[in-house]
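Written out below as structure tokens is the structure these notes cover.
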Amino acid sequence: MTTYNLATLLEDSATNHSDRTAIVFGERRLSYAEVDTFANMVANLLVARGIKPGDKVALTCPNLPYFTIVYFGILKAGATVVPLNVLLKGREVAYHLDDSDAKAYFCFEGTPELPMGQAGHEGFAATDGCEHFFVITADLAAPSPIEGTETMAQAMGGQPAEFTSVATDEDDTAVILYTSGTTGQPKGAELRHRNMRDNACSGAALFGADADRPDTYLCVLPLFHSFGQTVIQNGAFAYGGTVVMLPRFEAHAALELMQKEGVTFFAGVPTMYWGLLGALDGTTDVTGIAEKMRVAAAGGSALPVEVHKDFEKKFGVTILEGYGLSETSPVASFSKYGAPVRVGSIGTPIPGVEMKLIDPEWNEVNADNSDPDAIGEIAIKGHNIMKGYYNRPEATAEAIRDGWFRSGDLGRRDEDGWYYIVDRSKDMIIRGGYNVYPREVEEVLMTHPAVSLAAVIGVPHESHGEEIKAFVIRNEGAEITEDELVAWGKEQMAGYKYPRIIAFVDSLPMTSTGKILKRELS
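Whatever position you read off the sequence shown (first residue = 1), add 6 for the numbering used here.
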């Protein structure tokens with residue numbers, strides 16, 4: 007049987023580029039051969055503990071080499087990886103372990119500020135079905151911080167360095183990625199080996215990846231999330247690239263690593279690009295970064311046009327914007343590398359993927375491409391679509407019909423087939439019977455010289471149904487009042503669009519992936 011195991015991304019590079027650096031973390035550099043060996047030991051450990059092909063194994067770990075080693079070790083054993091958000095508390099961990107039927111759990115010990123291991127232990131203790139719990143310690147020689155538990159290093163001691171990966175079918179589940187759960191409980195998207203492998207390989211090829219001239223990737227996107235996992239980790243490993251890990255995004259540290267390691271590929275969510283620009287002062291020299299950087303990719307949420315323009319001006323690199331979801335492995339579309347970029351567009355579907363616009367009844371909108379202003383919900387079909395939501399047939403049936411997955415995102419398509427995100431269907435504001443798309447209002451606000459970042463929501467209103475409220479971070483030293491910004495907005499936007507309520511804030515709530523948490527704004 008020919009294996010389609012996702013772990014072959016690591017194994018092939020370990021065979022063809024054994025001495026090449028796979029991971030950089032601080033001063034530590036791990037070759038492909040070393041990563042493969044450690045992953046083999048994890049696989050041997052799991053098999054020795056009775057983990058069988060198809061069993062679920064959960065993993066909580068920030069951007070550290072341990073994540074990649076355990077991730078591929080689980081896959082080698084033929085098991086399914088269940089990556090968990092590092093910010094989850096014990097109760098939430100327990101839910102995910104129980105919902106995924108996890109048989110084993112690897113959890114990083116964390117830090118005093120973010121004690122993941124303790125949270126993981128609480129979740130483990132509350133879940134009868136999770137039979138094995140391993141604490142990943144930063145110091146491999148250290149004992150477990152939790153009495154009565156085993157460290158990963160202790161458990162791996164004496165395990166063989168060789169392992170023959172379990173042959174898996176392309177339709178077997180490789181990874182279960184949990185959605186953010188903006189409504190109801192989080193759901194686990196089952197992604198096949200072929201979903202993840204094809205998405206990583208086709209995405210990397212789309213950016214011009216070349217194993218003979220490997221890229222150096224800065225990994226600031228969390229690896230438990232689909233964007234960082236597929237585009238950075240798996241995309242790099244597919245072509246023998248080097249992954250430079252940064253556990254937590256901090257703009258100054260990211261800029262230093264770009265300079266030090268000669269980063270050629272940077273991918274981030276819009277707030278990361280905004281952060282990088284904000285970290286620059288009048289004396290910051292980014293010449294060395296600009297000379298090395300080959301690709302800058304953005305996804306996760308809409309990239310403000312002003313950020314796009316400023317980054318290209320400062321770094322000399324055009325950001326390629328793309329689009330995808332956990333359920334689509336994640337990449338569905340991207341701007342074309344080497345082709346003129348259409349600012350504000352998420353590009354066209356990647357090879358092997360189709361997209362269309364639909365109405366609430368699944369009827370196609372603007373099928374003949376004649377109306378570039380027509381708005382519909384984006385639907386996606388192709389090699390990247392998940393198997394379904396784990397143990398949720400009703401939710402799967404609602405989301406997928408005839409191979410088409412409905413995204414929940416509203417978009418439009420121009421005459422040439424390029425797509426543009428208008429907004430999340432759930433974020434759309436209805437004011438006095440008119441549809442208002444927060445992203446459009448945010449884009450306008452960010453053209454004001456005093457505005458650094460903006461987030462727009464709808465708040466209840468007695469007569470209009472909803473009123474438009476903007477949360478605004480001002481540029482350093484900028485002075486503008488709420489009334490002045492409202493008056494300016496009135497001049498720039500139609501009467502039903504401009505925000506009547508302005509709240510100046512120092513920061514905005516964000517997810518661990520850098521998306522603005524609008525549900526926490528009110």
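Glycine residues also receive a C-beta, built at the ideal position from the N, C-alpha and C atoms.
- Going by beta carbons, residue 486 and residue 506 fall outside the 8 Å limit.
- Per DSSP, reduced to three states, the secondary structure at residue 466 is strand.
- The beta carbon of residue 331 sits closer than 7 Å to the beta carbons of 413 from its chain, once the five residues preceding and following it are set aside; these are given in chain order.
- With the rule of 3 Cβ pairs closer than 8 Å, the region 437-452 does not count as touching the region 355-370.
- Rounded to the nearest whole angstrom, the C-alpha separation of residue 145 and residue 45 is 18 Å.
- The Cβ atoms of residue 311 and residue 274 lie no closer than 8 Å to each other.
- In the DSSP assignment, residue 427 falls within the unbroken beta strand (DSSP E) covering 425-430.
- DSSP places residue 181 in the strand class (E or B) of the three-state scheme.
- Cβ neighbours of residue 325 within its own chain (closer than 6 Å, five residues either side excluded): 302, 304, 314, 317.
- The three-state secondary structure of residue 368, taken from DSSP, is coil.
- Excluding five sequence positions before and after residue 339, the CB atoms of its chain that fall closer than 8 Å to its own CB belong to 328, 329, 330, 352, 353, 354, 355, 356, 359, 361, 425, given in chain order.
- Taking C-alpha positions only, residue 199 is separated from residue 255 by approximately 29 Å.
- With a beta-carbon spacing of about 5 Å, residue 227 and residue 233 fall inside the 8 Å limit used to define contacts.
- Taken through DSSP and simplified to helix, strand or coil, residue 273 comes out as strand.
- In the three-state reduction of the DSSP assignment, residue 441 falls in the strand class.
- Short of 6 Å from the beta carbon of residue 269, and not among the five residues preceding or following it, lie these beta carbons of its own chain, in chain order: 222, 224.
- Burial check for residue 397: the Cβ neighbour count within 10 Å stays below 16, so the residue is exposed.
- Taking residue 445 as the centre and dropping the five residues before and after it, the same chain places the C-beta of 308, 429 closer than 6 Å to its C-beta, in chain order.
- By the Cβ-count criterion, residue 102 is buried, with 16 or more other Cβ atoms from all chains shown falling within 10 Å of its own Cβ.
- For residue 222, the enclosing beta strand (DSSP E) begins and ends at 222-225.
- By the Cβ rule, the region 204-219 does not count as touching the region 111-123, because fewer than three pairs are nearer than 8 Å.
- Contact between the region 75-83 and the region 147-157 is absent: fewer than 3 CB-CB pairs across the two stretches fall below 8 Å.
- The Cβ atoms of residue 108 and residue 67 do not sit closer than 8 Å to each other.
- For residue 366, the CB contacts under 8 Å within the same chain, skipping 5 residues up- and downstream, are 383 in chain order.
- Membership of residue 314 in any beta strand (DSSP E) is not indicated; the residue belongs instead to the alpha helix (DSSP H) covering 311-321.
- Across the set 267, 88, 277, 490, the C-alpha of 267 shows the shortest separation from the C-alpha of residue 294.
- Contact between residue 526 and residue 508 does not hold, since the beta-carbon distance rounds to 18 Å and is not under 8 Å.
- In the displayed model, residue 113 falls within a strand according to three-state DSSP.
- By the Cβ neighbour-count rule, residue 59 is exposed, with fewer than 16 other Cβ atoms within 10 Å of its own.
- The alpha-carbon of residue 238 is positioned some 20 Å away from that of residue 392.
- The Cβ neighbour count for residue 453, taken over all protein chains shown within 10 Å, is under 16; the residue is labelled exposed.
- C-alpha of residue 43 to C-alpha of residue 503: approximately 58 Å in a straight line.
- A direct Cα-Cα distance of roughly 8 Å separates residue 390 from residue 197.
- In terms of Cβ geometry, residue 31 and residue 70 form a close pair [threshold 8 Å].
- Cβ-Cβ separation between residue 411 and residue 333: approximately 6 Å, consistent with a contact (criterion under 8 Å).
- The beta-bridge partner set that DSSP reports for residue 416 consists of 383, 429.
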